[in-house]
Structure formats: structure tokens, C-alpha cells
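These notes are about the structure you will find just below.
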Amino acid sequence: MSGTRADGASPEGMHTAPAGDAPADVPWQKLDRRTVLVAVTLMGGIAFSGGVPAFVALAVPFGVVRALAWVLGGAALLLLGTAGLEYLRWRHTRYRIGPERAELHTGLLLVKRRSLRRERIRTVDLTAHPLLRVLGLVKVRIGTGEHSAAGADSILQITPVTRREGDRLRRELLDHAVREDAEETDGRLATLDPRWIRYAPLSFAAPLLGLGAGGALMQGSEWFGLQVEVIQWVGDLFDGVTVLWMVLTLAVVLLIAGAVGALGLFVEMWWGYRLDREPGGTLRVQRGLFTSRSISIEERRLRGVEVLEPLGIRLSGAARLDAVATGLAETETDQKTDRKTLLPPAPKELAETVAARVLREPVSPTSAVRLRGHPVAARGRRLRWALGSVLGVVASLLLLGVLLTQVLVWVAVAAVVVLLPVAALLAVDAYRSLGHGLTGKYLVVRSGSMRRATVALRRDGVIGFTVKQSVFQRRAGLVTVTATTAAGVGAYSAYDVGQSEGLEFAGEAVPGLLGPFLERDPDGTP
Amino acid sequence: MTVSGTGAGTGTVRLRPPQNRFDRRVVPWWRVQWLLLVLPPVLVLVLLGVLIEPARFWLFLPAALIAVPGLLAALLLPGWWYRVHRWEVTESAVYIHTGYFWQEWRVAPMSRIQTVDTVRGPLQQAFGLATVVVTTGSAKGAVKIEGLDHEVAAELAEQLTEITGATPGDAT
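Protein chains in written order, with UniProt numbering: chain A, 1 to 526; chain B, 1 to 172.
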């Protein structure tokens, strides 16, 4: 592979051992000394939870005293080792925020010296799990938000430091943004309304948590060799009841468990939630009951917003608000966490209001836009997909039923009766969700039924277009137009839009980008 | 507030094909790639079929089921693709059209290009070909021109690098 770099942009942020610009007057700083205490406590927890079963297992053959000696001895070794290693890590870790760079030196055997150019730093997030909070410490995560192959390398993690030091780092590092527009700090944009908790059980997390609880119960009982007993116990409870009732009751129980779990999760995640605009143009989300999180998004990284309405939440008239910003999801794991969420599920009007305030627009583009629907052919495609997926399930059930047991045939029949209307409804709903439009500085696309997403993307944030057309789409005169961007998930699509309309939409959204490649058939024949 | 243009009944809008074809040698390159994909499982099945007599039918059958469409595709598809795959570099953008059953047009504006790389796999080297990969700030916006003559590719990469090197900012 012979490579040439187009510009210094993407690899520049990362440097090892800066040569030129190291005025040595900025002193190095160390992590908080109590990191040893934290590590030992955490390891103690692990040692305890591992040691108890080990003690039980050893006590039977060796007797209580010897088992205790073994386990305690092992635990003591483990803890001493942890303390020693953590102490060495503390000794050999230092950082400093110079005028040009933020630097972090770590490592004992393999010394890592990393530095980020300060003007490239985009996010400084503070998190603290309960133990850190008790000690008044935080973990600081400094990111540049670049889509480089280096990936995780463009992140500095400084953990732990005191909360005050964390705040100082955050303020100092994000302060390089222009300070002249200090009058634009309109402070608080949103705070938690406890009533929002009613949307938590409606999210998809609830049934998943329920299933997870059921699975954990079975797994846990298996570890203790009690799985058969548990199954028997449940069977006894439902003695003399039909299988259908049993299944339904169990499902309800799991759903309730899941709903309770979702409520708990919501409280943990969103307790004390507030969204502020800080001087220098930074949006800051603070939240969390046990683990406190502080997430900062620079406004100049913001390319738009996404209004998300998962089915249950949409039916109750609520919506969630996410930021579409560059440099938020640097690695795979980051995409799973919700650092981009600006507002938890809340009444839709509020979500729109907050969106407008976040974008500094009088009205949120997601509600100001007149979305144009997509051709009916798109509905046909969705109905056919729905039919196809139901038929796939039914066919495999039938096949197994014929080969194995009659019961599955009846299940297949039931599946047709239940799934077909549901799938058809979802398909029609998905078609109704489709839409695209332009308003002011923004391009807006909407799609999805189970998870309806309305994205308002700044037109100047679009950095390319991809147009796709399958054979089936060609026959129906449809295309999928995708705007690529450096922000968010990288691409946002208008699915199954009419060919001419979709291409003109793209051409108009960003003049001069797709336009030069468009041509028009005067007679209108495709 | 502006609303998207209606097209106003002026007829169908379409994307015009990019100007340049790929290098002629992509046809054998694609063909060899197909064969490398199809032949190993077929050969394994045939070999097993020769060795294990009782299961011969059940080994030859899938071999034939893979071999016949696979070979047909290797014979016909590359020529077809060659006719539709096109690329173009204008003053303002890199533009490419690929695929037949799943067509795809990609546009990356010059001002947003971050890196330009040329890549040559071992097979490509054998055919004297190279791939030019143009990435933008988007994780999903890369434009790959696969199958250029390697000298053309190097020149193109050079030229793109020069144009985009002058662009200020981090192109996001």
C-alpha cells in the first residue's frame, strides 16, 4: 500500500513526544493519590464475591479453618498486588495542560507518551461511579473527535482526579472557543421533570430487561444446581392451568419486572438531569444518580439534531432528543452509550422547544419543515417486506411442524393470524413515517416505525451524497438518497423517495454538490 | 422557510453517468476474484466426492449447484459491470457509479476530502491495477475507485492530494 495524505487534518491531532513546542514551565501533575484506595476497594469487592463461593467449595474437602486460611491468604496477596500495581501506576502517570497541548504520560514498562493538540480537543467528559463520588473524585475523558484509524488513541483518560481538578480541566480545555459572544449564554435549556419517568416503562428497554431478568434467574439457579427445582416450582404454581395461561402469566410477570427495571434504570441515568449552555458555546448535560456524568458538546461541532420516537414513546406523545455532532462517537463502544442524548423521553412539544433552543432557531427545523411524503410504491415495498418476513417465520414453523410435532403447525396458524396484521400495520406506519424536506439552513429526513427518527441536518454539514437504487427500486421509480456527514452516525437517508424528487431534493439541499451531475429528460419518459 | 422543489413536471431527473470507464483489465481481475470465490468449495466437494463413493451424489450435487451459477457469473457479470462502472473527477468533486442490480452513485466534494490513498492487493498488482480510496470526514462517505491502471491511480492520487491540500480547516 502506497499512501498519500491529503492534508494534515486527521492524523495531526495525535503526536508522540512533541518536539518544538514544550515550554517546560507548565508543571506536571499527578493523579489523585487515593486511586490506590479505589483500586483496592474495587478489587476487594471482586475478591469477596469470588472468595465466598471458593470458601464454600473448599470448606467441604479441607475443613473450615484451612479453607479460610487459603481464601484469606489468596485475597491478601491479590489486594497487596493490586495496591502495589496501582501505586506504581500512580507514580508513573502524569499529565499537564500546556499552552499548545494536553499531555499524558503513562506506563511502567511500556511508557506511553501521548498528547493532543488543544485546538483539536472537542469533548471533555467527567464521570464518577459511586465509589469515586464518595471520595470526591472523577474520571476525565478528553477527546478530539476524529474519524482516524487510530480510533481510541485520540482519547486521553485521566482517572482519577478530584472533582475540582476535573472541573478545572474541563473549563480550561473547552475555553479555547471564542469568548466574545459571552452574552449568548442563556443558561439552562432543560431540567428533569419527574413526570417524565412515566415514559420509561414504554421504552424497548423494559421487555428486554424483563427477558434479561428471566434469563438471569435461570442462569443463576443453574449455577447453584437448582434449575430443575425452579422449573418444577413454576410448574407446580401453574398446576391444573393450561399452557397458554401459564405462558401469558409468565410474560406479564416478566414485563412487570422489566418495567420496574426500566424505572430504576431511568432514575439512575437521568437523576438530576440538566442541560445548560455555557459561556464559549458549549452544551453541557449533567445527570446520574449513582454514577454522575457530565457531557460537554461544543456548539460548533453541532450539525443538527435527531428527534427519536420509539413506538411506545411515540404513542404516548413523547420524544427523545439527540445531538448530531461530530466527534461524539469515536469508537464502537461509544456509539452504544448515550453521550449524544440531549433530552430523555419527554413530551414532544418540549423536545421540539429544546431542539429549537439548542440550535438557536426560533422554531425547531423538525417541526417547522413541511415534510413531503414518498410515492405509494414505497408502501408496497414495505408491505411486501412485512409479508415476506411473516411468511418466512411461518414457513419455517410449518416445516418443523410437519417434521417434528403437530403443535408447531397450530403455532404457525396462530402466527399468521397475529403477526400478519401487526406486520401490515407496522409497514403502513413505516410508510407514513417516510418524509423529507428543506427548511432554512436544514435538511430534514424522517423514517422508521418501531424507532421513528426525524433528523434535521445542517445543509453545510453535508459532505457528500450517495444515491442507491436496486433493481426493484428502479422498476418502481424510487431511489434512496443518503447525505453523508462527519457528524452522528455519518449518513442520513431519505429511503424510497421518488427518483426525480429525491435527486432534486439532494441537488437543492446543497447547491453545487449533486447538481452538476443531474440531467433532465425533457419528455418525462424514464 | 423554503420547501423542497417540486420538479414542476419538467420530466424525469436522473444522474448522468460519469465520464471515465475503468481500466479494461478490471474484467479479468473481477473474473479471477469470482473464480477464487467459487472454485475452492467446488474443488473440495468434488475431491470429497471422488474419495467418498457412497456420498458421491450428495457431494456432486452441491458442487454443481455452486459451480454452474458461479461460473456463469464469472463469465458474464464482469463484462456487464465494466459497461456500467464509471468514475469522474471534476474540479469540484469525485463522482463514481458502480453496480448493476444494486446501483450506487457517490459524490464527494473536493473541499471535504480528508485523505487520498492508493491501495494495491496482490491480485491487482498482477493485473497492473490499483484502487484509489478517497475519504471524507464521514465514516460512511468514502469513495473507492477500484480498478484503475496503477500509474493513472498514482497520478490521480497525487493530483487530488494537491487540490485538497490547499483546503483549510478539518473538512467536517
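The beta carbon of each residue, even a glycine, is placed where N, CA and C say it ideally should be. Computed from a predicted structure; not experimentally measured.
Review point. Sorted by chain position, which residues of the same chain lie with C-beta nearer than 6 Å to residue 26 (chain B)'s C-beta, five sequence neighbours on each side aside?
Key: 147
Point to revise | Interface residues of chain B facing residue 517 (chain A) [CB-CB closer than 7 Å] | key: 15, 16, 95, 107
**Study point:** Rounded straight-line distance, which links the Cα of residue 83 (chain A) to that of residue 39 (chain A)
**Key:** 7 Å
Review point. If you run the structure through DSSP and keep just helix, strand and coil, what is residue 21 (chain B)?
Key: strand
Exercise for review: Using the Cα positions of residue 407 (chain A) and residue 78 (chain A), report the straight-line distance between them to the nearest angstrom.
Suggested key: 55 Å
Check your understanding: Run through DSSP, which three-state label would residue 498 (chain A) get?
Key -> strand
Practice item. Can you tell me which of the three DSSP states residue 150 (chain B) falls into? Key: helix
Review point. Is residue 137 (chain A) near residue 34 (chain A), with beta carbons less than 8 Å apart?
Key: yes
Review point. CB-CB under 8 Å to residue 16 (chain B), same chain, minus the five flanking residues each way: which ones, in chain order?
Key: none
Practice item. Hey, could you find the ends of the beta strand (DSSP E) residue 304 (chain A) is sitting in? Key: 302-310
**Study point:** Contacts around residue 260 (chain A), its chain only, beta-carbon distance under 7 Å, and the 5 residues preceding and following it disregarded
**Key:** none
Check your understanding: How would you label residue 4 (chain B), buried or exposed, when you count the other beta carbons within 10 angstroms and need 16 or more for buried?
Key -> Reliability fails at residue 4 (chain B), whose pLDDT of 39 lies under 50, so the model's placement of it is uncertain and no value is given.
Review point. Which residue from A:68, A:60, A:100, A:108 puts its Cα closest to that of residue 86 (chain A)?
Key: A:108
Check your understanding: Going by alpha carbons, who is nearest to residue 509 (chain A) out of A:462, A:213, A:106, A:56?
Key -> A:462
Point to revise | Residue closest to residue 503 (chain A), alpha-carbon to alpha-carbon, out of A:492, A:481, A:341, A:403 | key: A:481
**Study point:** Pairwise C-alpha distance: residue 48 (chain A) and residue 529 (chain A)
**Key:** Here chain A has residues from 1 to 526 only, and residue 529 (chain A) is not among them.
Review point. How should residue 143 (chain A) be labelled, buried or exposed, when 16 other C-beta atoms within 10 angstroms of its C-beta is the threshold for buried?
Key: buried
**Study point:** Neighbourhood of residue 213 (chain A) by C-beta distance below 8 Å, restricted to the same chain and skipping five residues each side
**Key:** 254, 257, 258, 261
Review point. Do residue 192 (chain A) and residue 270 (chain A) come within 8 Å of each other at the CB atom, strictly closer than that value?
Key: yes
Review point. What does residue 490 (chain A) touch in chain B if you count any residue whose Cβ is under 8 Å from its own?
Key: 138, 139, 140, 141
Review point. Are the Cβ atoms of residue 64 (chain B) and residue 38 (chain B) separated by less than 8 Å?
Key: no
Review point. Once you ignore the five residues that flank residue 81 (chain A) on each side, which residues in its own chain have a CB closer than 6 Å to its CB?
Key: none
Exercise for review: Please confirm if residue 80 (chain A) has its CB atom under 8 Å from at least one CB of chain B.
Suggested key: no
Practice item. Write down every uninterrupted run of the beta strand (DSSP E) in the segment 456-498 of chain A whose length is 3 residues or greater and which is fully enclosed by it, in chain order. Key: 462-470, 478-485, 491-498
Exercise for review: Return yes when the Cβ of residue 44 (chain A) is within less than 8 Å of the Cβ of residue 71 (chain A), no when it is not.
Suggested key: no
Review point. Thinking just about the alpha-carbon of each residue, which of B:85, B:125, B:112 is nearest to the one in residue 135 (chain B)?
Key: B:112
Check your understanding: Would DSSP call residue 11 (chain A) helix, strand or coil?
Key -> The predicted position of residue 11 (chain A) is uncertain, since its pLDDT is 39 and thus under 50; no value can be drawn from it.
Point to revise | Range covered by the beta strand (DSSP E) that runs through residue 437 (chain A) | key: 435-439
Check your understanding: Any beta-carbon of chain B closer than 8 Å to the one on residue 464 (chain A)?
Key -> yes
Point to revise | Environment of residue 538 (chain A) [buried if 16+ CB atoms lie within 10 Å] | key: Residue 538 (chain A) cannot be examined here, being either before or after the span of chain A that is shown, 1 to 526.
Check your understanding: Looking only at C-alpha atoms, which of A:433, A:304, A:26, A:432 sits nearest to residue 441 (chain A)?
Key -> A:304
Point to revise | Three-state secondary structure assigned by DSSP to residue 447 (chain A) | key: strand
**Study point:** Under 7 Å (Cβ pairs) to chain B, residues found in the segment 446-476 of chain A
**Key:** 463, 464, 465, 466, 467, 468, 469, 470, 471
Check your understanding: Taking just the CA atoms, how far does residue 249 (chain A) sit from residue 242 (chain A)?
Key -> 11 Å
Check your understanding: If we call anything under 8 Å between Cβ atoms a contact, is residue 344 (chain A) one with residue 477 (chain A)?
Key -> no
Review point. Considering only residues of the segment 368-404 of chain A, which uninterrupted alpha helix (DSSP H) runs meet the minimum length of 4 residues and lie entirely inside it, listed in chain order?
Key: 376-403
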